[in-house]
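There are 2 protein chains.
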Amino acid sequence: VNADALPRIAIDAMGGDHAPIEIVAGTILANRDGLGRMTLVGDRNRIEPLLVGPGSQDIEIVHTDEIVAMDAHASYAVRNADGTSLGEAVERVRSGAADACVSAGNSGAFLAIALIRLGRVAGIARPAIAAVIPGVRGPVVLLDAGANVDCRPEWLVQFALMGSAYARAALGVAEPRVGIISVGEERSKGNSQSIAAAELLDLAPVRFIGNVEGKDLFADHADVVVTDGFIGNVMLKLAEGAGSYFRSSLRETIEGGSLLEKLGALLLRPAFTKLQKKLSYDTYGGAPLLGLRGNCIVAHGRSNRTAIRNAIAAAAAEARADLIAEIAASVERVPA
Amino acid sequence: VNADALPRIAIDAMGGDHAPIEIVAGTILANRDGLGRMTLVGDRNRIEPLLVGPGSQDIEIVHTDEIVAMDAHASYAVRNADGTSLGEAVERVRSGAADACVSAGNSGAFLAIALIRLGRVAGIARPAIAAVIPGVRGPVVLLDAGANVDCRPEWLVQFALMGSAYARAALGVAEPRVGIISVGEERSKGNSQSIAAAELLDLAPVRFIGNVEGKDLFADHADVVVTDGFIGNVMLKLAEGAGSYFRSSLRETIEGGSLLEKLGALLLRPAFTKLQKKLSYDTYGGAPLLGLRGNCIVAHGRSNRTAIRNAIAAAAAEARADLIAEIAASVERVPA
Chain A
79 VNADALPRIA IDAMGGDHAP IEIVAGTILA NRDGLGRMTL VGDRNRIEPL LVGPGSQDIE
139 IVHTDEIVAM DAHASYAVRN ADGTSLGEAV ERVRSGAADA CVSAGNSGAF LAIALIRLGR
199 VAGIARPAIA AVIPGVRGPV VLLDAGANVD CRPEWLVQFA LMGSAYARAA LGVAEPRVGI
259 ISVGEERSKG NSQSIAAAEL LDLAPVRFIG NVEGKDLFAD HADVVVTDGF IGNVMLKLAE
319 GAGSYFRSSL RETIEGGSLL EKLGALLLRP AFTKLQKKLS YDTYGGAPLL GLRGNCIVAH
379 GRSNRTAIRN AIAAAAAEAR ADLIAEIAAS VERVPA
Chain B
79 VNADALPRIA IDAMGGDHAP IEIVAGTILA NRDGLGRMTL VGDRNRIEPL LVGPGSQDIE
139 IVHTDEIVAM DAHASYAVRN ADGTSLGEAV ERVRSGAADA CVSAGNSGAF LAIALIRLGR
199 VAGIARPAIA AVIPGVRGPV VLLDAGANVD CRPEWLVQFA LMGSAYARAA LGVAEPRVGI
259 ISVGEERSKG NSQSIAAAEL LDLAPVRFIG NVEGKDLFAD HADVVVTDGF IGNVMLKLAE
319 GAGSYFRSSL RETIEGGSLL EKLGALLLRP AFTKLQKKLS YDTYGGAPLL GLRGNCIVAH
379 GRSNRTAIRN AIAAAAAEAR ADLIAEIAAS VERVPA
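So the sequence lines, in the order shown, correspond to chains A and B.
Residues are numbered in my numbering as their position in the first sequence, beginning at 1, plus a constant of 78.
Residues are numbered in my numbering as their position in the second sequence, beginning at 1, plus a constant of 78.
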């Protein structure tokens, strides 16, 4: 990527619960904000009518006829990627026509197609999905968030390298603190995987701060939190579930409450809205796939236009910062 | 236990952040409510002055001079258990002088001492800690919550048996639904451990409903949720952390808000208090150690008198229901 030129972003217009309307709208927002040169990949007949209003000029359309179904198996999706909006968005990154791609579609298919088409960075055994979580003082990168359910300790070290590179390149954290998920702060606490990985992390070219517990995830202890993809996925979904449980319990309590309590809730509505925005995953827009030879951002299936705009911003930041070169360079600094 | 007689409960008066004051106060509450015959184990000189007011009559004191330190290593605590309040509380269960014991002290030491003194139920490979979580429609039993960081699939099946027995005996759930933590609802989703355990659970004498995800923990999908002790501990602490993060973020938003928002918060205070009570771990009081030949309840280190009262209630319910016989019987029904 030429740092002076705007990064070129390929967006899967047909993937996600609210495609193509919210995908196109988010792309227009990103274009208006000058985040890059946008290419929407998908059904021209459905996209073109949506490309109206300020910010919609100069957005390119690459037509495709096919769609990867949300419930398609990864292996089926890989064999049938040609001519799909997701497959062609990834293909543009492979061919060099785009510097990054974004999809809110089938994430398992996205990972599989990207792995086959783009390949891995030398020295990275397994690509990982990184979730960017709204913490108390800023974003926290949690990885692996679900790509690898059974992991070797050395893969967790690679996750730490990739997460650190992402935090530096895309989130502007100068020296990201790396923690490993465990069941206590003391170094002796953990399971066989976490203890072995912690020993390797001591020698790795990252700022390793040791164990972090579940309660520390949001608490500004670490900027990058590593664990295997099974635990990371369970944690991510638990955090989502806990948030909506708290909100629905509060709503239920208010509905069963006095008139004064209901008035209180009305007065507090702006604060609730502000809070929901702060804690929303939309803020960081998407989950980067790390370790591939191409910048790919998985947006949430439920993404609205703001989430898509922010996923495109993350994709553009990755491309501008040359994240892949950064990851390749940090892999080379790992002692053999 | 004779069902007509009140269960005899031994309480470690010296364990916990607020010992002995809150421990004694909680014991008085439990005694006033007729939950059993109470024995406080600890320093008579510190306990006796606290045994005043309604409900304090007929509470027995067993004097001990020593205390297990909160940071004592388990192996040290086991070697030096004699004469400590925790060690003697467990010893009363072993000797038959008590039907159950409760401690808010060093939980690792409690587990280790109980394992050595009481032994395991025949057929149970590893005792587990069960956390009782406030779910949307009632309590959810999550186990293992931290006793076993590396687990074999067949141990997870034993956790399911023990958790089901506890839900029936102590929580009054007639046919507890058992789920296993995984990364997707489909049976093909999981890591090697969860997939192998799910296959064994299909054959086990429990009401197995399949995979549950992190977001389902509170959502009334399953009454008993099994996973290994590493993941269970991470989940439990993450849920605690998410709750306090949400509360502190809401407080911060209100403090930075308008006068009307502050007024709204004031009016909503009763609702917040009610909600905090509903979501509080105090409601279920403590975490049972399951699989031992004796009823043991670990109370949270920060327990207040309500939490201690409820931990004693859980201990009494276990003893009344003859939980250990129930666990032994369900182990025998597992196909070889």
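The beta carbon of each residue, even a glycine, is placed where N, CA and C say it ideally should be.
Asked: Per-residue burial, Lys315/A [other beta carbons within 10 Å of its own, 16 or more giving buried]; Found: buried
Asked: Whether Gly363/A touches Asn382/A by CB criterion (8 Å); Found: no
Asked: Cβ pair count under 8 Å reaching 3, the region 220-231 of chain A against the region 297-313 of chain A; Found: yes
Asked: DSSP state of Phe237/A mapped onto helix, strand, coil; Found: helix
Asked: Stretch-stretch touch, CB-based, cutoff 8 Å, three pairs: the region 181-196 of chain A with the region 163-173 of chain A; Found: yes
Asked: Classification of Val130/B by the beta-carbon crowding that lies within 10 angstroms, buried from 16 upward; Found: exposed
Asked: Partners in chain B for Ala297/A, counting only beta-carbon separations shorter than 8 Å; Found: Gly319 and Tyr323
Asked: Reduced DSSP category for Arg115/A - H, G, I as helix; E, B as strand; rest coil; Found: strand
Asked: Where Pro127/A sits in the DSSP three-state scheme; Found: helix
Asked: Thr162/B, DSSP secondary structure in three states; Found: strand
Asked: For Gly216/B and Glu379/A, the rounded distance between their alpha carbons; Found: First, the residue type needs correcting, since residue 379/A is Gly and not Glu in the sequence shown. Approximately 31 Å, taken between the alpha carbons.
Asked: Chain B residues whose Cβ lies nearer than 9 Å to that of Thr142/A; Found: Result: empty, since nearest Cβ-Cβ is about 28 Å, beyond 9 Å.
Asked: Near-chain A residues of the region 264-275 of chain B (beta-carbon distance less than 7 Å), N- to C-terminal order; Found: Gly268, Asn269 and Ser270
Asked: C-beta contact flag for Gly321/B and Phe324/A at 8 Å; Found: yes
Asked: Candidates Asp149/B, Ile390/B and Leu367/B: closest to Ala91/B by CA position; Found: Ile390/B
Asked: For Asn80/B, the three-state DSSP class (helix, strand or coil); Found: Unreliable placement is indicated for Asn80/B, whose pLDDT of 48 sits below 50; the coordinate value is still reported in the next sentence. Looking at Asn80/B - three-state DSSP - the assignment turns out to be coil, as it is neither helix nor strand.
Asked: Contact the region 341-357 of chain A vs the region 328-338 of chain B: 3+ CB pairs below 8 Å; Found: yes
Asked: Three-state class that DSSP yields for Ala97/A in the structure shown; Found: coil
Asked: Val409/A versus Val256/A: straight-line alpha-carbon distance, rounded; Found: 16 Å
Asked: Check whether Val214/B and Asp143/B have beta carbons under 8 Å apart; Found: no
Asked: Gly335/B at chain A interface by Cβ criterion, 8 Å; Found: yes
Asked: Min CB distance Gly216/B to chain A below 8 Å; Found: no
Asked: Residue interval of the beta strand (DSSP E) (run including Val28/B); Found: Only positions 79 to 414 of chain B appear in this structure, which leaves residue 28/B out of reach.
Asked: Delimiting residues of the beta strand (DSSP E) encompassing Arg371/B; Found: No beta strand (DSSP E) contains Arg371/B, which DSSP labels as neither H nor E.
Asked: Test: Pro127/A CB closer than 8 Å to a CB of chain B; Found: no
Asked: Beta carbon proximity, Leu314/B to chain A, threshold 8 Å; Found: yes
Asked: Asn373/A and Leu346/A closer than 8 Å at C-beta; Found: no
Asked: Cross-strand partners of Val210/B (DSSP beta bridge); Found: Val219/B
Asked: C-beta contact flag for Ala282/A and Leu239/A at 8 Å; Found: yes
Asked: Gly262/B to Ser134/B span [Cα, whole Å]; Found: 51 Å
Asked: Nearest-angstrom Cα separation, counted from Ala159/B out to Ile375/B; Found: 17 Å
Asked: Chain B contact for Asn311/A (CB, 8 Å cutoff); Found: yes
Asked: Residues of its chain near Ala88/B, where Cβ-Cβ distance is below 7 Å and the 5 sequence neighbours each way are ignored; Found: Thr117, Val119, Ala167, Arg170, Val171, Ala176 and Cys179
Asked: Chain B contacts made by the region 346-376 of chain A, where a contact means CB separation under 9 Å; Found: Leu346, Arg347, Pro348, Ala349, Phe350, Lys352, Leu353, Lys356 and Leu357
Asked: Cutoff 8 Å: Val210/B Cβ touching any chain E Cβ; Found: Absent from the structure is chain E; the protein chains it does hold are A and B.
Asked: Spatial distance of Ala406/B from Val210/A (CA atoms); Found: 46 Å
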